[in-house]
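Chains A and B, in that order, give the protein sequences. Those letters in the first sequence? Residues 9 to 312, by our numbering. Those letters in the second sequence? Residues 6 to 258, by our numbering. Where a beta carbon is used, it is the ideal one built from N, C-alpha and C, also for glycine. One structure is given here, and the rest of the page talks about it.
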Amino acid sequence: MQRRQFLQQTAAASALVGLSGLGLTSFTPATTKKITILHTNDVHSHIDAFGPDDGRNPNQGGVARRASLVESIRKENPNTLLLDAGDIFQGTPYFNYYGGELEFKLMSMLKYDVATIGNHDFDNSIEGLYAQLPHAKFDFVSANYDFSNTVMDTHVKPYRIIIKDGIKVGVFGLGIELNGLVEKRMYKETVYLDPTEATQEMTRILKEDEKCDLIICLSHLGYNYREPSQKISDLKLAKTTKDIDLIIGGHTHTFLKKPTVVKNSEGKNVLVNQVGCYGINLGKIDFYFDSDKNKAANGTSIIV
Amino acid sequence: MNYKHVILLFSILILSACKKQDVYLNKIEGRQINISDSLKIDQNIEDFVKPYRKRVNADLDSVLAYAVDTYSKNDGDYNTAIGNMLADAVYEQSNPIFKSRTGETIDFVLLNHGGIRSIISKGDITTRTAYEVMPFDNSAVVVKLKGTQVKELVEYLAKGKRAHPISRLNIVLDADGNLKSATLDGTPLDFSKTYNVATNDYLYNGGDRMDFFKTNDSLYVLDYKVRNVLIDYFSKIDTLNPVIDNRFIKLKK
């Protein structure tokens, strides 16, 4: 008798919970969801577009144009994330005069969601980066820079989870080895950790613990390094790890005609993309989800 | 089946329907969009940037000095007017700082020919000129170089036959291009001695294959960007009129 009562109570409570959720997504037969990922890398303080007389990139780039493009894409799909893979700083006098303030303010106006840290973001030393943080209304992620003994401690998270239209997106960051690239007096006590090990930990947390639907790695490791270089790169990372859906890269200023599809350690596809530098291009990756398992069973189609 | 059972059944139905609906990734589309002038300008952003741009441009365009002529790194065989000016400016600006901090003096300066990124045009010299000539953020450093490394440095210059900017050092190649003399103030270099050589951090780290710097263990960082050296130098002088001289020459047959 007691057990029966318990069941009834549980059922009533459940009914209530269930009814409150009625207005949401329940009972819709098969839903399709679309998450748009927009991304930049190595913008290097290029706020103004290149002039008409520029030898390489005439009339390209410019934050004001990127802003209108991002806005129009957001209008089309509100479930859009805007990400940056580092080296926001250094490259035009704007940085020399304002130390990155304008770069962060503009990225905030464009509603960037997450960025990772590139080697040039240490160019005014770690204190210089820290000083500009109040101007950034977006988050920094890095899973392999240990900032514990620096002013950046607690200001950089290993990853961030963003839920858009019920889709759980996990974004984690990776930075390049600073020793030999940046003077020690600039990065101070920042400790560089192995990117592959950091990735294994991140994918375990994001996939197994957090059950993310989409896992994105924001990397400033560089696209690829020629043999015999043993340096870790995005392509190498993609091949040797699992559970990452997309690696957005930077550092090597690589202009790709289209995203590269790489098989990961489990034979599943990973997209690796990078869009050159200086805000000349915007990367756009659309992820389509369907509640119909049969569609997914036929494999994810990749159109690049 | 009483009403309680009905509720229970109904609840289970709702419960199963209302749990987070599983979705499966079934399609990915990737492309790249060029930020070209066909895109609209966001006026809000443009207006926000404007005062910053105005301020930067006003400063960049402020006149610091006057150039009597146009100077290019391609005018001259073993030394150039613009390179001589640059190396002399590094010496003139850095030596007092080095001296005040260490009590020692800089013996000579070596920079690289490739590091001069622009010409200086006849007419007004502005801060922008300094950014054009030296867009990189390289800093001046002083390296304590052992005689054996100084020997390598001189051999590098003799072999390279490029107009790498030098100051205070004098190098003469004979008509066949072999090293004839390497002197400081008329005194031959003593390869058993140690010299204080000013350069930039890029070259110190092996840039332009100047590997003789890297084997060193005594480095003094001046915390002085080469571009700022130029800006300060231009601000100090009134007229820029550098010349090609005899600091690095090859004798004629």
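A straight-line Cα-Cα distance of about 6 Å links Asn281/A and Ile255/A.
For Tyr71/B, the pairing in a beta bridge is given by DSSP as Asp129/B, Thr244/B. In this structure, Val95/B lies away from Val248/B, with their beta-carbon atoms at least 8 Å apart.
For Val202/B, no chain A residue has a C-beta closer than 9 Å to its own C-beta; the minimum C-beta separation is roughly 19 Å.
Using beta-carbon distances, Asp195/B does not count as an interface residue toward chain A, since no partner is under 8 Å. Using a 10 angstroms sphere on the CB of Phe263/A, the tally of other CB atoms stays under 16, which defines it as exposed. Secondary structure remark: continuous alpha helix (DSSP H) runs of at least 4 residues inside the segment 98–149 of chain B, in chain order: 132–138. Two segments are said to touch when three or more pairs of C-beta atoms, one from each, lie closer than 8 Å; by this definition the segment 124–142 of chain A does not touch the segment 80–90 of chain A. For the pair Val226/B and Val146/B, the CB atoms are nearer than the 8 Å cut-off. Where Glu191/A is concerned, there is no enclosing beta strand (DSSP E), because DSSP gives it neither an H nor an E.
CA-CA distance, Leu245/A to Thr204/A, rounds to 7 Å. Residue environment for Glu109/B: exposed (fewer than 16 other C-beta atoms within 10 angstroms of its C-beta). In terms of beta-carbon proximity, Glu218/A stays away from the interface with chain B, with every pair separated by 8 Å or more. Burial state of Tyr102/A is buried, judged by a 10 Å Cβ sphere holding 16 or more other Cβ atoms. The beta carbon of Arg168/A sits closer than 7 Å to the beta carbons of Val122, Asp147, Val149, Val179 from its chain, once the five residues preceding and following it are set aside; these are given in chain order. Going by DSSP, Gly291/A is part of the beta strand (DSSP E) stretching over 289–298. The alpha-carbon separation between Met215/B and Lys164/B amounts to approximately 12 Å. Annotation: Ser99/B has no Cβ neighbours in chain A at a cutoff of 9 Å; minimum Cβ distance is about 18 Å. Inside the segment 208–236 of chain B, DSSP marks whole beta strand (DSSP E) runs of 3 or more residues at positions 224–230, from first to last along the chain.
With contact defined as three or more Cβ pairs closer than 8 Å, the segment 108–120 of chain A and the segment 72–81 of chain A are in contact.
If you compare the alpha carbons of Leu158/B, Asn117/B, Leu65/B with that of Thr132/B, the shortest gap goes to Leu65/B. Straight across, the Cα-Cα distance linking Ile293/A with Gly120/B is about 39 Å. Per DSSP, the continuous beta strand (DSSP E) segment holding Gln37/B begins and ends at 29–39. Comparing alpha carbon positions, the residue from Leu137/A, Ile240/A, Pro60/A, Val71/A closest to Phe97/A is Leu137/A.
Comparing alpha carbon positions, the residue from Ser241/A, Leu290/A, Val283/A closest to Ser80/A is Leu290/A. For Val280/A, there are no C-beta contacts with chain B under 8 Å, since the nearest C-beta of that chain is about 10 Å from it. The shortest C-alpha to C-alpha distance from Ile236/B to any of Asp181/B, Asp74/B, Leu69/B, Asn31/B is the one to Leu69/B. For Gln208/A and Leu201/A, the gap between their C-alpha atoms comes out near 12 Å. Within the segment 29–54 of chain B, the residues whose Cβ lies closer than 8 Å to some Cβ of chain A are Tyr29, Leu30, Asn31, Lys32, Ile33, Glu34, Gly35, Arg36, Gln37, Ile38, Asn39, Ile40, Ser41, Asp42, Leu44, Lys45, Ile46, Asp47, Gln48, Asn49, Ile50, Glu51, Phe53, Val54, listed in chain order. The Cβ atoms of Leu182/A and Ala206/A lie closer than 8 Å to each other.
With respect to chain B, the C-beta atom of Ser299/A has a partner C-beta closer than 8 Å. Put simply, the backbone Cα of Ile45/A is about 36 Å away from that of Tyr136/B.
Scanning chain A for C-beta atoms nearer than 8 Å to the C-beta of Leu65/B yields Pro101, reported in chain order. Sequence-distant partners of His47/A (beyond 5 residues in either direction) whose C-beta falls short of 6 Å from its own C-beta, in its chain, are Leu91, Ile256, Gly291. Annotated three-state conformation of Pro166/A is coil, per DSSP. Taking 8 Å as the CB threshold, Ile55/A lines the interface with chain B.
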